[in-house]
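Heads up: the structure comes next, in structure tokens.
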Amino acid sequence: MNKDHGRHAAGATPDGAKPTGDAIVVDHLKVKRGTRLVLPDLSVRVPKGQVIGLLGPSGGGKSTLMRSIVGVQVVGGGTVTVLGEPAGSAGLRRRVGYLTQAPSLYSDLTVRENVAYFARVLGASAADVDRAIADVDLTDHADALVVNLSGGQQTRANLACTLVGNPEVLVLDEPTVGLDPVLRRDLWALFRRLSDEGRTVLVSSHVMDEATRCDRLLLIRAGEILSDSSLPELLASTGAEDAEGAFLALIDAANAANPAGSRTEGVA
Amino acid sequence: MNPRITLATAGRILSQLRHDHRTVGLLLVVPCVLIGLLAWIFADSPTPVFDQIGASLLGVFPFVIMFVVTSVSTLRERTGGTLERLMTTPLGKGDLMVGYALAFGLVAIVQAIVATSFAIWVCGLDIKGPAWMLMVIALLDALLGTALGLLASGFARTEFQAVQFMPAFILPQFLLCGLLVARDQMPSILSTISDWLPLSYAVDAMKEVTAQADPNVWKDFAIMGAWIVVALVLGSLTLRRRTP
């Protein structure tokens, strides 16, 4: 991975102190997809300059929450505020970077052509293109067509298209899925570096051992936040030995309280 | 809209085409093969049928081909997730629409030059008006196909549907455009409908250029131009930043 990057820090104060306040404020968010009430009434705050893990079983509303934060989800109620502005507003489109779960790339273009296109759309420079490709360790494959890349390489090319715009808030939907341990370690080091620069990194995952790499953890199940704490706090409160044990304990307790597992709403 | 983003989008679409040699080949060769076939069918005909309908067909090909190419490629943006990603960026809906129109308009110019040259100098198409006017009409036709393809793809959810829109949008216009039966000889209801369809004016303009040394086609151009703008505006309305 390329450590020599020319990225300017986002929101970090000159003495290197972390920015304070909340990057994302979700207040009583309600989202219905089809007939299913995916997020019944969700409120959460994401502090600036941290790596936040959004963890939980699949189908629990992680992607829907992320889509709401980047402003591509039709919401049924409540508010989502990012960097002080309503989610999805025009001023945020340069400041918030979104990584979709499935690679959203032009498979008939090369890695560099994809990253360069998103750079032009986001107003980033040619140096940003090289830096983003180096950050995901694809320099050797920059001129390969995306369709010829492996799944893990496509995931990384996808990430490069998000990094190229130097966003202040990164919303990354399962960026490490399907990657080998070395690449996962390198990407988590990259996320750490981004947060050290003052950026906010919201990362979803269903791999619980990735929890150890986050500053804070949000556990979401059936559209509800079960836990919002740091890992040591979580272990202390559940008495579990590791993140996986803590989450299983919380999910089992929640399932016992609400056996249906997910809420549905009658046809409106 | 932002000119930098519009041009970047047009450039990206052209890069995609550049990697797809077979599509470029088909775009350039298929119209020539069809025109050659048409000239051959009527080679022994006592009346100059090819001179009468050859030019009109030059206007129909770019329309049909661009409609299909555009509706499929924009549907790929929707289903491949790139549209959703673009909707989180500063890209405006107009940037995407005009980017597609610019890229495919450029392809249409090349296609029109190749197909028209082939018709005139290889197949011996006899036209009285200036040849460059045929190319302008072919370009407008291609832009019309692009604009309607963008609009149609807004209503397609799958590739199957997108391909089905071709006969649904195109064949009625083809039947009513005056190529098979002169528009003033159709039943009055059909002739009125054909007065509202853009392909009718493309064929009218082609006929005018074929028959007149000093053709008057500006009204036809204006109506086609209006259709292109309306279809692009309606098409951009089918793009949504937020989806359910």
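Taken in order, these protein sequences are the chains called C and R.
Be aware that the first sequence starts at 1104, since it is given in this note's numbering, and climbs by one per residue.
Be aware that the second sequence starts at 89, since it is given in this note's numbering, and climbs by one per residue.
Don't be surprised by glycine CBs; every beta carbon is placed ideally from N, CA and C.
Query                                                                                                                               : Result
Cα-Cα separation, R/Gly99 to C/Asp1331                                                                                              : 45 Å
Cross-chain neighbours of C/Glu1271 in chain R, by beta carbon under 9 Å                                                            : Chain R residues near C/Glu1271: none, gap ~14 Å exceeds 9 Å.
Boundaries of the alpha helix (DSSP H) in which R/Thr170 is found, first to last residue                                            : Thr170 to Met175
Residue from R/Met274, R/Leu213, R/Ile281 and R/Gln273 whose Cα sits closest to the Cα of R/Ala299                                  : R/Leu213
C/Leu1334 versus C/Arg1324, C/Gly1152, C/Asp1345 and C/Thr1265, residue with shortest Cα-Cα distance                                : C/Asp1345
Buried or exposed by the 16-neighbour rule on C-beta atoms within 10 Å, applied to C/Thr1213                                        : buried
Nearest-angstrom Cα separation, counted from R/Met175 out to R/Val321                                                               : 17 Å
Proximity test, Cβ basis, 8 Å: C/Glu1368 and chain R                                                                                : In this prediction, C/Glu1368 scores a pLDDT of 41, lower than 50, which makes its location untrustworthy; the coordinate-derived value is nonetheless stated afterwards. For C/Glu1368, the answer is no, since every Cβ of chain R falls outside 8 Å of its Cβ.
C/Ser1207 and R/Thr170 closer than 8 Å at C-beta                                                                                    : yes
Contact set for R/Leu102: own chain, Cβ-Cβ below 6 Å, skip 5 residues either direction                                              : Ala191
DSSP state of C/Asp1130 mapped onto helix, strand, coil                                                                             : strand
Cβ-based contacts, 8 Å cut-off: residues of the segment 1201 to 1212 of chain C near chain R                                        : Tyr1201, Thr1203, Ala1205, Pro1206, Ser1207, Leu1208, Tyr1209, Ser1210, Asp1211 and Leu1212
Cut-off 6 Å between Cβ atoms - residues of its own chain near C/Thr1242, not counting five sequence neighbours on either side       : Ile1236
C-alpha gap between C/Leu1186 and C/Thr1315, whole angstroms                                                                        : 26 Å
Outcome for C/Thr1367 when other beta-carbon atoms lying within 10 angstroms are tallied against a minimum of 16                    : Here C/Thr1367 scores only 43 on pLDDT, less than 50, and its place in the model is too uncertain to base an answer on.
Whole-angstrom distance between R/Ala290 and C/Val1250, CA atom to CA atom                                                          : 39 Å
Short CB-CB distance (under 8 Å) between R/Leu179 and chain C                                                                       : yes
Integer Cβ distance of C/Asp1130 from C/Thr1182, believed to fall under 8 Å                                                         : 5 Å
Neighbouring residues, chain C, relative to R/Thr170 (Cβ below 8 Å)                                                                 : Ser1207, Leu1208 and Tyr1209
Spatially closest choice to R/Thr331 from C/Val1304, C/Thr1341, C/Gln1176 and C/Ser1192, by CA coordinates                          : C/Gln1176
Contact the segment 1196 to 1210 of chain C vs the segment 1257 to 1273 of chain C: 3+ CB pairs below 8 Å                           : yes
Span of the beta strand (DSSP E) around C/Ile1323                                                                                   : Arg1319 to Arg1324
Beta-carbon proximity of R/Gly147 to R/Cys211, cut-off 8 Å                                                                          : no
Interface residues of the segment 1218 to 1233 of chain C facing chain R [CB-CB below 8 Å]                                          : Tyr1220, Phe1221, Arg1223, Val1224, Leu1225 and Gly1226
Cutoff 6 Å; reference C/Gly1326; Cβ partners in own chain excluding five residues on either side                                    : Val1141, Leu1142, Pro1143 and Gly1164
Exposure label - R/Ile141; buried when at least 16 CB within 10 Å                                                                   : buried
Cβ-Cβ distance between C/Ala1349 and C/Ala1357 below 8 Å                                                                            : no
Bridge partners - C/Glu1188, DSSP secondary structure assignment                                                                    : C/Val1185
Environment of C/Asp1231 [buried if 16+ CB atoms lie within 10 Å]                                                                   : buried
Other residues of its chain near R/Gly237: CB distance less than 6 Å, five sequence neighbours each side excluded                   : Phe155, Thr158 and Ser159
Rounded C-alpha distance that separates R/Pro260 from R/Phe243                                                                      : 18 Å
Contacts around R/Leu163, its chain only, beta-carbon distance under 6 Å, and the 5 residues preceding and following it disregarded : Ser241, Ala244 and Ala250
Of the residues R/Glu165, R/Gly187 and R/Leu114, the one placed nearest R/Val202, counting alpha carbons only                       : R/Leu114
Proximal chain C residues relative to R/Ala96, where beta-carbon distance stays under 7 Å                                           : Tyr1220, Arg1223 and Val1224
Enclosing beta strand (DSSP E) for C/Leu1157 [first to last residue]                                                                : Val1154 to Leu1158
Cβ-based neighbour list, R/Thr94, same chain, cut-off 6 Å, excluding 5 preceding and 5 following                                    : Asp183, Val186 and Gly187
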